[in-house]
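Residue numbers (UniProt numbering): 1 to 230.
As structure tokens, then:
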């Protein structure tokens with residue numbers, strides 16, 4: 001299936017050149033110059049990835065991402081940012097985007113990164129579907145076909161990265177080391193570091209765990225993480 005990409009950026013010329021290179025890889029590409037326009041297009045089209053400027057003319061990437069995730073919780077986003085904003089906001093950006101790229105950049109490198117992200121996502125989705133359609137641990141259930149997560153009867157909204165991490169943990173009966181999780185979830189992204197695994201484990205626990213109850217994700221000291229009964 002052809003991948004659909006939306007570029008939301010203030011720099012029309014740069015967006016044009018990026019779009020041309022993406023189209024050479026047979027991606028379908030649309031363009032929005034403002035956050036408002038991007039949201040209108042996202043309502044009309046099921047985009048596979050959105051490439052956005054850190055700051056658009058009418059809203060920040062954080063505000064745009066928040067709105068986009070209400071449209072499609074599994075939306076994959078990359079943020080284009082300058083070096084100063086990356087230093088100050090890099091951690092926050094990774095909370096809603098799968099990656100960010102610092103300006104100036106080589107367009108072919110960006111295109112390679114987009115291709116790698118798609119390859120990694122497709123691998124996780126296909127692997128989970130081949131193994132089973134659903135998985136459960138305690139009262140947390142994941143539907144691999146529809147990419148939905150529930151705790152009891154309550155739906156849990158996860159970002160695409162959080163979903164990938166949870167799917168990997170729930171689809172394994174063994175303890176997974178940080179290195180194994182990095183390989184499986186951040187499979188094709190060489191820039192990722194092992195500490196990002198701990199960061200996303202905290203994000204997941206913040207959404208799944210209930211006060212006063214044992215965490216769904218077990219920390220195996222000196223080894224890694226697991227979701228299984230002892």
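By construction, the Cβ of each residue, glycine as well, lies at the ideal position given by its N, Cα and C atoms.
I need the straight-line Cα distance from residue i to residue j, nearest angstrom please.
| i | j | result |
| --- | --- | --- |
| residue 222 | residue 185 | 20 Å |
| residue 195 | residue 209 | 21 Å |
| residue 15 | residue 220 | 45 Å |
| residue 45 | residue 153 | 29 Å |
| residue 225 | residue 13 | 45 Å |
| residue 157 | residue 151 | 11 Å |
| residue 179 | residue 164 | 15 Å |
| residue 237 | residue 88 | Because the chain here runs from 1 to 230, residue 237 falls outside it and cannot be looked at. |
Start and end of the beta strand (DSSP E) containing residue i?
| i | result |
| --- | --- |
| residue 149 | 148–151 |
Pop quiz: residue i and residue j are said to be a contact at Cβ under 8 Å. What is the actual Cβ separation, rounded to whole angstroms?
| i | j | result |
| --- | --- | --- |
| residue 162 | residue 200 | 6 Å |
| residue 29 | residue 22 | 5 Å |
| residue 54 | residue 79 | 5 Å |
| residue 76 | residue 121 | 7 Å |
If you count every other CB in all the chains shown that lies within 10 Å of the CB of residue i, and 16 or more means buried, which is it?
| i | result |
| --- | --- |
| residue 197 | buried |
| residue 20 | exposed |
| residue 17 | exposed |
| residue 71 | exposed |
| residue 113 | buried |
Within the continuous alpha helix (DSSP H) that includes residue i, where are the two ends?
| i | result |
| --- | --- |
| residue 199 | 195–208 |
With hydrogens ignored, establish whether the beta-carbon of residue i is closer than 7 Å to any heavy atom of the ligand ADP.
| i | result |
| --- | --- |
| residue 65 | Annotation note on the ligand ADP: not contained in the displayed structure, which lists no ligands. |
*Flag this pair as touching only if the segment 58–70 and the segment 29–36 have three or more C-beta atom pairs under 8 Å; answer yes or no.*
A contact exists between the segment 58–70 and the segment 29–36.
*asked:* Three Cβ pairs or more, each shorter than 8 Å: is that satisfied between the segment 98–106 and the segment 69–85?
replied: Three or more Cβ pairs drawn from the segment 98–106 and the segment 69–85 lie within less than 8 Å of each other, which places the two stretches in contact.
*Quick one: any contact between the segment 132–147 and the segment 62–70, if contact means 3 or more CB pairs under 8 Å?*
Contact between the segment 132–147 and the segment 62–70 is absent, with fewer than three C-beta pairs closer than 8 Å.
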